[in-house]
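Heads up: the structure comes next, in structure tokens.
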Amino acid sequence: MTRYVMVADLRRCVGCQTCTAACKQANATLPGVQWRRVLDIEVGEFPDVSRVFLPTGCQHCGDPPCEEVCPTTATYQRDDGSVQIDHDLCIGCGYCALACPYEARYIVDEAEFAYGMEPMPNEAARFDEGKIGVAQKCTFCIDVVDAGIAKGLKPGVHPEATPACVNACISGALTFGDKDDPNSPVSKLLAKVEHFRMHEDLGTDPGFYYIWDKKPEDLM
Amino acid sequence: MPDTRLLPTYCYNCVAGPDLMKVKVEDGVATEVQPNCDAAGIHPANGRVCVKAYGHVQKVYNPGRIKTPMKRTNPKKGRNEDPGFVPISWDEALDTITQKLSKVKQQGLKDEAGLPRVAVSFGHGGTPASYMGTLPAFLASWGPIDFSFGSGQGVKCVHSEHLYGEYWHRGFTVCADTVNTNYVVSFGANLDSSGGPCATWRHAAARARGCKRVQVEPHLSVTGGTSAEWVPIKPKTDMAFMFAMLHVMLFENARTALDLPFLKDRTAAPYLVGPEGYYLRHPESGKPLIWDLLSATAVAHDTPDIDAAIDGTFEVIKAYEQGPDDERFEYQMVKGNTSFTEMNDIISNYTPEWAQSVCDVPASTIRRVASEFLQHACVGETVEVDGETLPFRPVAIALGKTVNNGWGAYQCCWARTVMATLVGALEVPGGTIGTTVRLNRPLGNRLASVKPGEDGFMAASLNPTDRDNWHDIPVGRNAHSTLVPLLGNNGAWSQALGPSHLAWMFLDDAPEGWERNSYPDIWFIYRSNPAISFWDSNQMTEIVAKMPFTVAFAYTPDETNHMADILLPDATDFESTQLIQIGGTKFVEQVWKHQGVALRQAVVEPQHEARDMSWIATELAKRNGLLRQFNQALNKGAGGISLKGEGYDFSLDVDQEHSPDAVWDAACKAATSFFSKGKEVHDLQWFKEHGFYVVPYKREDWYLYPTMVKQNLRFELPYQERLIRVGEELKRRMHEKGSHWWDLQLTEYEAIPSWHDVPTHYEKALVNMGGKPEDFPFWGITTKSAQYAAGSNISIQLMDDVGRNVRGHGSIILNAGVAKQMGIERGDRIEIRSLVGTTSGRAEPVQGIRPDTICIPGQFDAWATPYAKDLDFPSLNTIMPLSIELTDGTGSGADLVRVSIRRLEAVA
Amino acid sequence: MKHGQQGYSKTDKGGQRKKGGKRGKVGPWPRLQKFWDIRAACNFIGGGTGAGLLLVAGFYALQGLDNTPLVIAGFLSISFGLFMVFLEIGRPWRSINLFFHPQTSWMTREGIVAIPLYVSMALSVFFAGQFIGVLASISAALLAGLFLYCQMRILHAARGIPAWRHVAIKPYMLITGMTEGLALALCISVTSAHTALVPILALLLFMRLGFWLRYAHQLRIDGAPEASCNKVDDLFIWTMVGNLLPVVLLVADWWLEVEAIVVLAGLIAAFSGWYTKAIVVTKAAQTRGFRLPRTPVRGQGQSRVVGQSGFRQNQ
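Chains as they are written, first to last, in the working numbering: chain P, 4 to 223; chain B, 15 to 922; chain Y, 71 to 385.
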């Protein structure tokens, strides 16, 4: 089996939003829509304070609540574990967005562009009417991944088979790959580190791992 | 299917670049920025660009762009005057400029005061040079030009680090050897926001392998956030923290914890200091003396096979001191302290307990940090680099803005560099290293710039302060060669780093005994917006409005070109072509294992009537009859690479006009010939496909230490004998001229820096300006934003879009406890007031800031720039006074101001 | 209508670009969902009330009473709710697609139940007074109950909204639907209402109040977002009045026997339920936000244990 997951190394991430910007361009999302974004979280009280930068977006859950509630089957899970949306099926009811505990879904009912109602040439070139009025979210750049695999490339290893955010990340915080493949970059990485997943208590089995430390044995 | 191409180019928006990238172009439209994965393993961040680079796409198509050349129709200039810009043709625009230049030529290139009639201002840190194509060749062909009018340099750069860093270890910018270091104490260096992909990548990797960084700063910046520890220090008291660290290292640890061989052989620590404070010198050779423990005599510093005394006071039979203006103090049987002992005498006053009372940081924290620094220093260890055995000292100290510029910065730069020398961690693997030179020649080549000078140190190119050669009449309007000896007089860089705010201030009014500056007849401005990117934006706007004739290379309307007479829409980064050098070691953390060149290519056609800067430069040269000189300058390398060199000659015919592509084609061939030593020649077309060409760069060349050893030179630390002599001479010259207004700045010339109570200095300045300290109970500071810093992108919607995820974006950051006391909630509108103005914005209460401090990120307060003017973001610049009193001896100031907070309205 | 995050889309007030004032909230903390507005709330209002009406209509049919006005009212009520949903969704002309996922989606199930429900209501009215009509009315009542159950499960399945996800909202949603329907039924058939309706309404009102108070209490205990709890708590007076005042009025009517008092009681009982649901859907619907269990170790030092997300109720 294949289970594509994203790994974010919180030790590395600086919250620069390069992944956010790269995602926006790679997927031509409209202003305000961020399939990938990085939260800037403060923990503690002065003077004992930490600041944590938390990349987030669709967690491509093993048990996706969005897919469960979707009345149209527009949201579906692929055999590779990724959760996708068929924009032609979606009716834009927004239920999936409310079921998602990760605030990963967006619906834009009326397109407004970076500088108003008129698209710039770059926006016009990539504008997709099919994404208006329906749910949208991170796809793990699945078209790129699929195309890369078709060329014999390995997701998470070769940039041409890897999501844009991972390729763009300037701190090396993001890693992508098949968790069921013990030789994938994510499997090798996760074996060496301490990590958690967000809102695991909801039984979502998220496919987004957050590294917070080395494994203790590595400290020896 | 659209015709989709992926074209290589570079981003050099900010000094942290250049970084390599690719642009996706679909049917002639740029749609996407991507990393250049071909550079993996070559570029320090593996071919990745930071978030700002993604803004290039919108920059091309931004509807707010200036679309055609324009001229002003309203002769009145001012913020509230409509400039009445009307479109004109390129011919008309260039002819108008040519007429003005011709008039200047007729009158003489310099005015009655001896100042150039043409002034040029460029933006951030020299990066415009990577976009202005062949304009430098036009400037070179013209003759004297005043680069004095800054748009932030001095007040916005790491000024003292530039000057002292380059003076002490050829470090115009200084960084940790991050890939090798294990412990960094960072005083406000916000590299994870402003260091670009290279710094971010290197530091992230360092963290993952266990490198500890302690961030000492009043506001928990992004870099503070990513550090192992945040120490919230009171603003501008960093020097006390560092002095106390020195105290711990010098008085609370055994001498053996220090790198004694390094101190003895590679620094001036053993040099003996006489009663007048100058080195005791050998009566015949004039060489500084050191005490040889083996022979128990004073010997010249370069005597072989000696064991130099570090600590102590020694009696010398015969010696002299060299004072200012050739004064000599002759001695028989004179006692001299070693420089090291001189330092100890001063530092003995600065215990951690004393520092606690100054910095508001527990003495135990300071003590622990100093001890950790020592423990991590690995004194005595070595490492092999490129086959050479070098010291391995994986500890470093980084300084950020407001720490390394303005009052107190000299002390901080000194303490940082001295701490490095104490453990031998200066310019060695793992330690504190410089990355480039700008004030010495050859430009950009640190190692080649090291030449033996006086007293066993590197040669220094100081501005003269002796009676015969001192520039009593400034050569430029910021008087850099007159007032700041350390700057040298090596062209545009030296001049641009002068006290640039003085150039502006003295247009309006000059201090007693000083000539008021004349206005330049023509002022060219490029990639810069000093009206709001400097200090006291209101005053700056008024001064800019008085410029008689301003030619602005203009992207959008902005606050500075609102006052321009001619607007020239130059092509954006994606619309024009240029070849630049990459690799080796450059600003910030551009530390490569390769060097070579990269092409910025026109990935799309210029929008509207925008033109490539090289075309504009060629037209200006041609129309002004300077084509021959222009081409000659290009052949000499004014375009970034000499077109003729050993084994190759791609020189341009000097009498012909050449298209930008022809120029860059020659540059591509020359560069590849140069770097491959004639083995490879690649033309422009090759670069358009491949993007860059590099050859290996030795890692050993990251460090100055091997060069110092080879030339048997010492770092000029800890004692600043030369500077006190120069300072005294300068004081005499100023007084002889009847000028006393620079006296405060002259107090900075100390051989061993002592505590300067900078917070009180600021409070006194406030009182002197007519304010009451109790009315302004908070410190106002700023912080850089990764999305905006030096990106010229305040009109780029994408940056605002993604910036909103960052705490404090477009807001006023204040302590949550203080906010609660004042009844301020997140999103409430608050006003920040200083003595010179007010700025307002939304409140962002956070835990990560000291209660006595507020922080305003970035530089906004735009009122003319499209998009940005509607953001209604606050800006510290608006409320920062332009002040001589707040100008330090290097001519810089810091972004720091006393302010009050007032709540304006509650969240709706 | 709905926009997730800090959209700039024209109708997203939270994130709209504007000079000054408040920006769209971004960040890790819980925030109000913007996907379902009052139109979606109307589905729960109309659907719940309609279902309640149809339950009473079924009861009337069994009692041999004329239930046509109640069935028509139920039809109108449910149709109003569904129409409002039609107005809310982004691609209304694809509404047929919502029937595609009966395996897990309570929204699909609600839609599927609505089909025989409409048939039953039509038959009930068409064959009013006949045996088929009685059967149809009973069928409609059962399906209405199912419809109401689906609505309750729709809210509960929204794992992103703690105030909806909480198990204690389930009985409240069922009871308030019944209460609203019964209250309206009482108003509609006030001249001929079955005598059992008044005490049942009183009982339902007490139950509704109890379930609401339990919900409000548990929500805070289980660590739902502060803003959600506050919005729910803000309804305390409203729910006390909305549940107890009708009871007082009904008791008063025992002696006074003024029809207007019963109507007033019924309207208050219904309206208070509607308002409460509107608030729950549009104002108390904060997202869970993001909370870290641990802070990362940057280079050296200790990770700070932050604790799991505050919301503990996860059934």
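All C-beta atoms in this analysis are idealised placements derived from N, C-alpha and C, irrespective of residue type, glycine included.
Sheet register partners of residue i (DSSP bridge)
{"i": "Val498/B", "result": "Answer by DSSP bridge pairing: none, since Val498/B is not bridged."}
{"i": "Leu828/B", "result": "Pro859/B, Ile868/B"}
{"i": "Trp507/B", "result": "The partner list for Trp507/B (beta bridge, DSSP) is empty, contrary to what the question assumes."}
{"i": "Phe328/B", "result": "Gly350/B"}
{"i": "Ser854/B", "result": "Glu845/B"}
{"i": "Val41/P", "result": "Pro58/P"}
Within chain D, the residues that residue i reaches when beta carbons sit closer than 7 Å
{"i": "Gln370/Y", "result": "The chain labelled as chain D is not found among the protein chains of the depicted structure, namely P, B and Y."}
Contact with chain P by residue i, beta-carbon distance below 9 Å
{"i": "Glu158/Y", "result": "yes"}
{"i": "Tyr569/B", "result": "no"}
{"i": "Gly230/Y", "result": "yes"}
{"i": "Thr879/B", "result": "no"}
{"i": "Arg912/B", "result": "no"}
{"i": "Trp215/B", "result": "yes"}
{"i": "Ser373/Y", "result": "yes"}
{"i": "Gly181/Y", "result": "yes"}
Any chain B beta carbon closer than 9 Å to residue i
{"i": "Ala164/P", "result": "no"}
{"i": "Gly97/Y", "result": "yes"}
{"i": "Gly94/Y", "result": "The predicted model places Gly94/Y with a pLDDT of 43, which falls under 50 and marks its position as unreliable, so this point remains unresolved."}
Residue-chain proximity (residue i, chain Y), Cβ-Cβ < 9 Å
{"i": "Cys61/P", "result": "no"}
{"i": "Asp181/P", "result": "no"}
{"i": "Gly175/P", "result": "no"}
{"i": "His202/P", "result": "yes"}
{"i": "Asp141/P", "result": "Before going on, a small fix: residue 141/P reads as Cys here, not Asp. Not one chain Y Cβ lies under 9 Å of Cys141/P."}
{"i": "Arg821/B", "result": "yes"}
Own chain partners of residue i with C-beta closer than 6 Å, once the 5 adjacent residues on each side are dropped
{"i": "Glu243/B", "result": "Val228"}
{"i": "Cys73/P", "result": "Cys99"}
{"i": "Tyr242/Y", "result": "Phe281, Trp282, Tyr285"}
Distance CB(residue i)-CB(residue j) smaller than 9 Å
{"i": "Pro97/B", "j": "Asn88/B", "result": "yes"}
{"i": "Leu13/P", "j": "Pro104/P", "result": "no"}
{"i": "Ile766/B", "j": "Ala882/B", "result": "no"}
{"i": "Leu274/Y", "j": "Ile245/Y", "result": "yes"}
{"i": "Pro865/B", "j": "Gly822/B", "result": "no"}
{"i": "Pro888/B", "j": "Ile826/B", "result": "yes"}
{"i": "Tyr733/B", "j": "Tyr181/B", "result": "no"}
{"i": "Leu124/Y", "j": "Ala214/Y", "result": "yes"}
{"i": "Ile630/B", "j": "Leu277/B", "result": "no"}
{"i": "Phe196/Y", "j": "Ile148/Y", "result": "no"}
Own chain residues within Cβ distance below 7 Å of residue i, not counting five before or after
{"i": "Leu264/B", "result": "Asn358, Ile361"}
{"i": "Met123/P", "result": "Phe116, Ala117"}
{"i": "Phe170/Y", "result": "Thr178"}
Cβ-based neighbour list, residue i, same chain, cut-off 8 Å, excluding 5 preceding and 5 following
{"i": "Gly312/Y", "result": "Ile338, Ala339, Phe341, Ser342, Gly343, Tyr345, Thr346"}
{"i": "Glu619/B", "result": "Gly42, Glu589"}
{"i": "Ala127/Y", "result": "Asn137, Leu140, Val141, Gly144, Ser194, Ser207, Ala210, Ala211, Ala255"}
Contained beta strand (DSSP E) runs [length at least 3] in the segment 590-668 of chain B, N- to C-terminal order: 592-599, 605-614
Runs of alpha helix (DSSP H) lying entirely within the segment 662-717 of chain B, each at least 4 residues, in chain order: 674-689, 698-704
Complete alpha helix (DSSP H) runs within the segment 72-135 of chain B (minimum length 4 residues, chain order): 104-121
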